[in-house]
Amino acid sequence: MQRIAGLERALEQAQHLLHQDDLTPLLNRRGFRRACDRWAGNRPMSMSACFAMIDLDGFKAINDRHGHPVGDAALVHFAATLRRHLRPADTIARLGGDEFALILMNCSGDDACLLLERLQQALAGSPLAVPGGTVPLRFSAGVAELHAAESLGQVLERADAALLDAKQQGKAMVRLSVPPARSAQANAGDRQTASACVPIAINERESDR
C-alpha cells in the first residue's frame with residue numbers, strides 16, 4: 000500500500016510539473032489551457048470574469064543590453080509582483096517568453112483595468128535590482144470581460160486584440176475590449192474552445208519588445 004501511495008504522489012507531482020512554468024512558479028501555457036477548459040466546463044453563468052493578456056515592454060532590449068540571466072530575473076520579478084497583488088482565486092500563467100495571461104474572478108472590465116493600472120504603479124515602484132543599478136519594468140495589457148453569449152475562445156481573442164492595440168498606442172498601457180454586438184455574436188455561431196485560441200497571435204506577433 001505504501002508503494003502504491005508513493006507512486007500516486009509521484010504521478011501527482013509529475014502532473015503538476017507538466018503544467019508549471021520552468022522559470023517561474025506560475026502555470027505554463029498547458030496549465031492555462033487546462034484552467035480555461037475547466038472554467039468552460041463548470042462555467043457559472045451568474046459569475047463575472049475578466050481575461051487579461053500581458054506583455055512586458057522592451058523585453059528584447061533588456062536581454063540585448065543586460066543578458067539573458069537578467070531577462071530571466073525580470074520575468075521572475077514580474078511573476079512575483081503579479082502573485083503579490085492578485086487574489087488566490089485568480090489564475091496567473093506565463094504563456095511563453097514575456098507573455099502572461101490572467102483570469103480574474105468576480106471582476107468587471109473596469110475593475111480589471113484599475114487593478115492592472117495599480118500593478119503598473121507597483122512595478123514602477125519596484126524596479127529589478129541588478130549589479131550596479133536597477134532595470135525599470137513596464138507592461139502593456141489587454142482586458143476582455145466575459146459576456147454570457149461568448150465562448151472563452153472569443154473573449155481570449157478580444158483580450159489579445161486589446162493587447163495589440165495597447166502596444167500600438169505607445170505601450171505601458173491597459174486597453175479594455177468592447178464586446179461585439181449580441182447580433183454579431185449570434186450570427187457568428189463560433190463556439191471555439193479555449194485551448195484552440197490560447198496560442199492565437201503569440202506566434203504571429205513580431206518581437207518588438
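With numbering that gives the first Met the number 0, the residue at position 190 of the sequence shown is 189, and numbering never jumps.
Beta carbons: idealized from backbone N, C-alpha and C, even for Gly.
From the options, pick the residue whose C-alpha is nearest to that of residue i; which is it?
i: Leu-145; options: Ala-39, Thr-23 and Phe-31; result: Ala-39
i: Thr-23; options: Lys-170, Ile-53, Ala-48 and Leu-81; result: Leu-81
i: Ala-148; options: Ala-79, Gln-120, Phe-50 and Pro-179; result: Pro-179
i: His-76; options: Phe-31, Arg-64 and Gly-124; result: Gly-124
i: His-67; options: Val-129, Asp-164 and Leu-155; result: Val-129
i: Ala-211; options: Ser-176, Leu-175, Val-177 and Leu-127; result: Because the chain in this structure spans residues 0 to 208, residue 211 falls outside the shown range and cannot be described.
i: Arg-83; options: Phe-31, Asp-97, Leu-103 and Ala-121; result: Ala-121
i: Ser-176; options: Arg-37, Glu-156 and Gly-169; result: Glu-156
i: Asp-219; options: Asp-97, Gln-119 and Cys-35; result: There is no way to answer for residue 219, as the model of the chain reaches only from 0 to 208.
Skipping 5 residues on each side, what residues in its chain have a beta carbon closer than 6 Å to that of residue i?
i: Leu-115; result: Ala-140 and Val-173
i: Gln-153; result: none
i: Met-52; result: Ala-100, Gly-141, Ala-158, Asp-159 and Leu-162
On the DSSP letters alone, give me the boundaries of the alpha helix (DSSP H) that residue i sits inside.
i: Ala-34; result: 28-40
i: Thr-80; result: 67-84
i: Asp-109; result: 108-123
i: Glu-156; result: 151-167
So, for residue i: in the same chain, excluding its five sequence neighbours on each side, which residues have a beta-carbon less than 7 Å away from its beta-carbon?
i: Ile-61; result: Val-69, Gly-70, Ala-73 and Val-134
i: Arg-33; result: His-18
Find out if the Cβ-Cβ distance for the pair residue i, residue j is shorter than 8 Å.
i: Arg-137; j: Gly-95; result: no
i: Asp-56; j: Ala-171; result: yes
i: Cys-49; j: Ala-88; result: no
i: Leu-25; j: Ala-92; result: yes
i: Lys-166; j: Asp-63; result: no
Counting along the chain, where does the beta strand (DSSP E) carrying residue i start and finish?
i: Arg-174; result: 173-175
i: Thr-90; result: 90-95
i: Thr-133; result: 132-134
i: Met-46; result: Counting along the chain, Met-46 falls outside any beta strand (DSSP E), and DSSP gives it neither H nor E.
i: Leu-103; result: 98-104
i: Ala-128; result: 127-129
Shorter than 8 Å from the beta carbon of residue i to some beta carbon of chain D?
i: Gly-152; result: Protein chains in the displayed structure number just one, and chain D is not present.
Can you find the residues in the same chain that come closer than 8 Å, C-beta to C-beta, to residue i, ignoring five residues on each side of it along the sequence?
i: Ser-107; result: Ser-47, Cys-49 and Glu-144
i: Gln-168; result: Arg-174
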